[in-house]
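The block underneath contains the structure these notes are about, expressed in structure tokens.
There are 2 protein chains.
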Amino acid sequence: MVQSVDRAMIILDCLKESPKGLGVTDLSKKLGVAKSTVHRLLSTLEKHRYVKKVNNEGIYQLGLKFLEMNHAVMENMNIVELAHPILDELTKTVAEITHLVMLENFELVYIDKVESTSTIRIYSQTGRRAPMHCTGVGKAMAAYFPEKKLERFFSHTDWKAFTPYTITKEEDFRAELDRIREKGYSLDDEEHEEGIRCVAAPVFNHQGEVQYAISATGPTNRMNNKRIEEIIPLVKKAAYKISKAIGY
Amino acid sequence: MVQSVDRAMIILDCLKESPKGLGVTDLSKKLGVAKSTVHRLLSTLEKHRYVKKVNNEGIYQLGLKFLEMNHAVMENMNIVELAHPILDELTKTVAEITHLVMLENFELVYIDKVESTSTIRIYSQTGRRAPMHCTGVGKAMAAYFPEKKLERFFSHTDWKAFTPYTITKEEDFRAELDRIREKGYSLDDEEHEEGIRCVAAPVFNHQGEVQYAISATGPTNRMNNKRIEEIIPLVKKAAYKISKAIGY
DNA sequence: AACGGTGTTCCTTATTGAGGAACAAGGAGA
DNA sequence: TCTCCTTGTTCCTCAATAAGGAACACCGTT
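Protein chains in written order, with numbering that gives the first Met the number 0: chain B, 0 to 247; chain S, 0 to 247.
What follows is the structure in structure tokens.
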């Protein structure tokens with residue numbers, strides 16, 4: 000582990016949390032390192048445009064290089080291009096927000112979303128992360144893990160209870176996965192956030208492995224059992240379409 | 000300048016250019032540093048999710064942290080939120096692609112675009128960079144630089160000729176800026192790419208400084224002189240709206 | 001079975017990053 | 001207006017630590 004690189008990236012994290020930007024002194028206090036060290040790191044980051052000074056004063060913010068890098072990352076993920084139209088259609092038919100997620104280190108990463116009302120700020124919530132054990136998409140993916148991978152997932156998870164309905168025991172979770180495999184979809188019944196229900200389904204790649212998942216999410220008052228029953232086949236169908244689009 | 004941080008970021012640049020990802024040996028050759036050094040840097044970057052191994056083999060790609068960071072950067076740029084609906088409307092009325100750009104180190108950065116046909120991949124070309132001297136938006140902004148800043152710009156620019164029509168002399172450029180100030184808009188007449196014309200106008204902030212610019216771009220066959228004349232007031236009006244929205 | 005190619009680990013050295021202190025600049029308050 | 005904080009920035013010295021060579025482990029090919 001390279002200390003200076005590590006520190007540089009911690010600085011970036013700090014700046015991410017402080018939209019207004021931070022000065023050298025602020026950062027040096029936060030990190031517990033000398034001002035001069037922070038200053039040197041910032042200069043290096045600035046050279047590569049990962050940070051920038053706001054109107055040439057001593058306040059630093061995240062730089063525009065991140066737009067560039069984001070673009071490059073997105074380019075590689077042609078999954079978004081393939082899936083977006085299908086997600087778009089799904090949003091239209093179910094009139095609820097839909098998401099596309101993938102996995103990284105047993106954590107969910109939201110890589111696309113389509114809102115019913117506004118097409119604006121499509122990029123906004125992408126990049127958000129969430130745990131698997133308390134979400135529809137997380138469970139949908141876990142249900143199709145091979146046993147080995149599932150065990151590795153269990154050793155990673157902390158079973159944190161976000162609501163009274165969150166599943167927090169391995170045996171309960173395994174039972175839930177059996178149900179999901181049987182039905183081909185998963186439900187999130189206020190397990191992550193009270194008042195929110197969602198329907199999710201897995202997306203498989205050409206090797207038959209689960210690689211992504213999609214969901215339709217809404218408030219409990221709209222998402223009653225009758226509505227859920229209507230939505231289920233639509234989500235499953237959309238997930239299947241995406242699976243086929245990526246070569247399943 | 001911190002060597003290790005610098006190298007880490009050069010590695011990220013290399014990975015950006017190689018969508019398929021690179022191995023430790025490839026990178027070590029590219030950078031001219033030892034494999035072990037590259038490996039150590041990659042491990043540190045991986046810890047922060049700026050890079051990831053593709054299916055746990057020895058190939059590294061850009062990581063999903065960039066989506067997160069992009070999100071944070073975008074959040075701060077409420078300019079995009081403000082301008083997007085106006086850009087959207089402009090695209091509808093002129094039926095050509097429109098762009099919103101800002102400046103960084105006398106280079107243009109595209110921060111939003113609206114295509115006429117598809118709302119998909121809205122994020123795609125954002126983050127792209129281009130020189131000022133050969134683009135409509137670049138000239139529109141330069142026209143409203145204070146003399147001091149203009150001189151600094153001249154000392155930065157390389158006057159590279161992208162097409163036979165690119166302006167490559169300072170005196171010609173200054174004459175062009177005079178024309179732009181007089182008319183309140185700028186034209187790009189195949190100066191950056193043959194077959195492409197565009198109409199651009201500057202956006203001013205609350206201090207009356209030029210801070211952004213917008214443009215409508217299309218192929219020469221559609222963008223004849225008559226059409227250009229129709230488009231000009233629309234672009235100017237949209238730019239003015241955005242200026243007002245940010246407090247001009 | 002031997003080889004060439006990976007990525008990874010270890011260890012030693014001197015390169016280079018770190019931090020204290022001094023400096024410059026700017027703003028607030030008396 | 002002058003002073004006194006508090007900024008960011010620069011410099012310099014020392015030792016922490018990053019770098020690179022070499023050895024190792026692994027895989028696929030010949």
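For glycine and all other residues, C-beta sits at the position ideal for the given N, C-alpha and C.
Return helix, strand or coil for residue i, following the three-state DSSP convention.
i                         : result
methionine 101 of chain B : strand
serine 17 of chain S      : coil
lysine 138 of chain B     : helix
tyrosine 239 of chain S   : helix
isoleucine 203 of chain B : Strictly speaking, residue 203 of chain B in this sequence is phenylalanine, with isoleucine absent from that position. In this structure, phenylalanine 203 of chain B counts as strand in the three-state DSSP scheme.
isoleucine 245 of chain S : coil
valine 1 of chain B       : coil
proline 232 of chain B    : helix
lysine 112 of chain S     : strand
leucine 107 of chain S    : strand
arginine 221 of chain S   : coil
isoleucine 166 of chain S : coil
leucine 61 of chain S     : strand
Can you name the start and end residues of the alpha helix (DSSP H) that residue i belongs to?
i                        : result
leucine 30 of chain B    : 23-30
proline 279 of chain B   : No answer is possible for residue 279 of chain B: it lies beyond the span of chain B, which begins at 0 and ends at 247.
arginine 178 of chain S  : 169-182
asparagine 77 of chain S : 77-93
glutamate 45 of chain S  : 34-46
Quick one: what's got a C-beta closer than 8 angstroms to residue i's C-beta in the same chain, skipping five residues either side?
i                            : result
leucine 81 of chain S        : Ile241, Ala244 and Ile245
isoleucine 10 of chain S     : Leu26, Leu30, Val37, Leu40, Leu41, Leu44 and Val50
phenylalanine 161 of chain S : Cys133, Glu190, His191 and Glu192
valine 53 of chain B         : Gly20, Tyr59 and Gln60
aspartate 87 of chain B      : Val113
isoleucine 119 of chain S    : With a pLDDT of 37 at isoleucine 119 of chain S, under the threshold of 50, the modelled position of this residue cannot be trusted; read the value that follows with caution. For isoleucine 119 of chain S, where only same-chain residues beyond five positions count, there are no Cβ hits under 8 angstroms.
isoleucine 257 of chain S    : No answer is possible for residue 257 of chain S: the residues shown for chain S start at 0 and end at 247.
Tell me whether residue i is buried or exposed, calling it buried when 16 or more other Cβ atoms sit within 10 Å of its Cβ.
i                        : result
alanine 94 of chain B    : exposed
aspartate 187 of chain B : buried
methionine 0 of chain S  : exposed
glutamine 210 of chain B : buried
histidine 155 of chain B : exposed
histidine 248 of chain S : Chain S is shown from 0 up to 247; residue 248 of chain S falls before or after that span and cannot be answered.
glycine 205 of chain B   : Before going on, a small fix: residue 205 of chain B reads as histidine here, not glycine. When all chains shown are included, histidine 205 of chain B counts as exposed.
glutamate 229 of chain B : exposed
serine 214 of chain B    : buried
leucine 14 of chain S    : buried
threonine 165 of chain B : buried
arginine 48 of chain S   : buried
glycine 207 of chain S   : exposed
aspartate 157 of chain S : exposed
aspartate 111 of chain B : buried
For the beta strand (DSSP E) that residue i lies in, which residues bound it at each end?
i                         : result
isoleucine 213 of chain S : 209-218
valine 50 of chain B      : 50-52
arginine 128 of chain S   : 128-130
aspartate 188 of chain B  : 185-188
Near residue i, what residues of its chain come up, given a Cβ to Cβ distance below 7 angstroms and the 5 sequence neighbours on each side ignored?
i                         : result
threonine 92 of chain B   : Leu233
lysine 235 of chain S     : Gly183, Tyr184 and Ala200
methionine 8 of chain B   : none
arginine 6 of chain S     : Leu30, Val32 and Leu40
isoleucine 231 of chain B : Tyr184 and Val198
isoleucine 179 of chain B : Lys138, Ala139, Ala142 and Ser185
Skipping 5 residues on each side, what residues in its chain have a beta carbon closer than 6 angstroms to that of residue i?
i                        : result
leucine 89 of chain B    : Thr97 and Ala237
glutamine 2 of chain S   : none
isoleucine 85 of chain B : Ala237, Lys240 and Ile241
glycine 217 of chain B   : Glu95
threonine 219 of chain S : Gly194 and Arg196
arginine 128 of chain B  : Glu106 and Val108
valine 100 of chain S    : Leu107, Tyr109, Val136 and Ala212
**Prompt:** Does the stretch 60-73 of chain S come close enough to the stretch 65-81 of chain B that 3 or more CB-CB pairs lie under 8 angstroms?
**Reply:** With the cut-off at 8 angstroms, the stretch 65-81 of chain B and the stretch 60-73 of chain S touch.
**Message:** Tell me whether the stretch 134-142 of chain S and the stretch 161-176 of chain S touch, counting them as touching only if at least three CB pairs, one residue from each stretch, are closer than 8 angstroms.
**Reply:** yes
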